[in-house]
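Asks: Per the working numbering, residue 1226 is the first one in the sequence shown, and the count goes up by one each step. Here a beta-carbon is modelled for each residue, glycine too, at the ideal position from N, C-alpha and C. All of these numbers come straight from a predicted model, not from anything done at the bench.
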Amino acid sequence: MTTTDIPRSADVDSGRRVSRKRPRKTATGGLRQAVSATTLLWIMACLYGFPVLWFVLSSLKPASDLFSYPLTLVPHNPTLSGFRAAWDSANFSQYFINTAIVCVITTILTVGVSCCTGYALAKYDNRWLKAFFLCILATTMLPGEVMLAPEFLVVRNLGLYNSFAGIILPAVLTATGCFMFRQFFLTVPDELVEAARIDGARELSIFLRIMVPLSRPIMLTLAILSFQWRWNDYIWPLLMLNDPNKFTVQIGIQSIVGAQNINWSV
């Protein structure tokens, strides 16, 4: 009996040693994959970041160095003359204030209206609401240029031409925001709303105390997107504004570019 037990224990020990060595190979392979993935991401980040770096460093070059040959990445005599010339050529301080007013007000209204609309579309069963939702989605299939003329006529007939309200109001309701909130509120169980109604909570209390806190991630996401959209918007403010004191940053940047001559240092 003793002679047969000794080899078995040795086999068990050898099996344990093999089993202990296998995770090391797996860990090594996972480390190699992680390193290769990280290296690839760094390479892609450098490729995408190089044009931005070139843009920033070129803005610090004087006009004589922009088209010098051979081209150099680092400016020999860095200067801020281009920034000063651009700032002095137009009333950019007022442009930034105007843009901030438009972006902040539009973002707040967009998030609020989209949240209310998405909640109604998700938690109320009505055929008219379904038709309204389809109409909202249908607007996403229309190019923005098609909507410019009708929106301009409506805003002008309302007396909102050449005002911030004419820029803000048409941009409040967005199909993207309504769709995002609707899809999120569909994931909230209906039993939660029914339990609140049984406890005597009103619809406004349910919305403000339960749904709004739950939808904070969507609110933050839409706020970032809306602020970016309004900040980069150029065509609609260009059509709506003719007073230079009400121009936004995008119109101000375009105003310093001449039709026949372009100052590349600016």
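Please classify proline 1414 as buried or exposed, where buried requires at least 16 neighbouring CB atoms within 10 angstroms.
Replies: exposed
Asks: Mapping DSSP to helix, strand and coil, what is isoleucine 1481?
Replies: The answer is coil: DSSP assigns isoleucine 1481 none of H, G, I, E or B.
Asks: Measuring alpha carbon to alpha carbon, tell me which residue in Thr1297, Pro1462, Glu1428 and Ser1283 is nearest serine 1306.
Replies: Ser1283
Asks: If you compare alpha carbons, which of Ser1388, Phe1452, Leu1285 and Asn1302 is closest to leucine 1463?
Replies: Nearest of Ser1388, Phe1452, Leu1285 and Asn1302 to leucine 1463, Cα basis: Ser1388.
Asks: By the DSSP assignment, the alpha helix (DSSP H) with aspartate 1424 in it spans what residues?
Replies: From DSSP, aspartate 1424 is part of no alpha helix (DSSP H); its letter is neither H nor E.
Asks: Output yes or no for whether 8 Å exceeds the beta carbon distance between phenylalanine 1472 and asparagine 1302.
Replies: no
Asks: Sorted by chain position, which residues of the same chain lie with C-beta nearer than 7 Å to valine 1418's C-beta, five sequence neighbours on each side aside?
Replies: Lys1348 and Ile1431
Asks: Relative to the alpha-carbon of valine 1329, which residue among Trp1353, Leu1285, Ala1396 and Leu1466 has its alpha-carbon at the smallest distance?
Replies: Ala1396
Asks: Could you check what DSSP says for glycine 1369 in three-state terms: helix, strand or coil?
Replies: DSSP places glycine 1369 in helix when its eight states are reduced to three.
Asks: If you scan the segment 1389–1455 from start to end, which runs of the alpha helix (DSSP H) of 4 or more residues do you find wholly inside it?
Replies: 1389–1393, 1400–1411, 1415–1423 and 1428–1431
Asks: Taking buried to mean at least 16 other C-beta atoms within 10 Å of its own C-beta, is glycine 1402 buried or exposed?
Replies: buried
Asks: Is there contact here, the segment 1445–1458 with the segment 1335–1353, by at least three beta-carbon pairs under 8 Å?
Replies: yes
Asks: DSSP three-state call for proline 1303: helix, strand or coil?
Replies: coil
Asks: Counting beta carbon pairs with one atom in the segment 1373–1389 and one in the segment 1473–1480, are three or more of them shorter than 8 Å?
Replies: no
Asks: Tell me whether the beta-carbon of methionine 1465 lies closer than 8 Å to the beta-carbon of tyrosine 1344.
Replies: no
Asks: Who are the Cβ neighbours of alanine 1374 in its own chain at under 8 Å, not counting the five residues just before and after it?
Replies: The beta carbon of alanine 1374 sits closer than 8 Å to none of the beta carbons in its chain outside the five residues before and after it.
Asks: Apart from the five residues on each side of it in sequence, which residues of its chain come closer than 7 Å, Cβ to Cβ, to valine 1237?
Replies: Confidence in valine 1237 is poor, its pLDDT being 49 and thus under 50, which makes the residue's placement unreliable; the coordinate value appears in the next sentence. Correct list: empty, nothing qualifies.
Asks: So, is lysine 1355 buried or exposed, given that buried needs 16 or more other C-beta atoms within 10 angstroms?
Replies: Per the 10 Å Cβ criterion, exposed.
Asks: Could you tell me the distance, in whole angstroms, from the CA atom of methionine 1226 to the CA atom of serine 1261?
Replies: Residue confidence is low: methionine 1226 scores 45 on pLDDT, short of 50, so the model does not pin down where it sits. No coordinate-derived value is stated.
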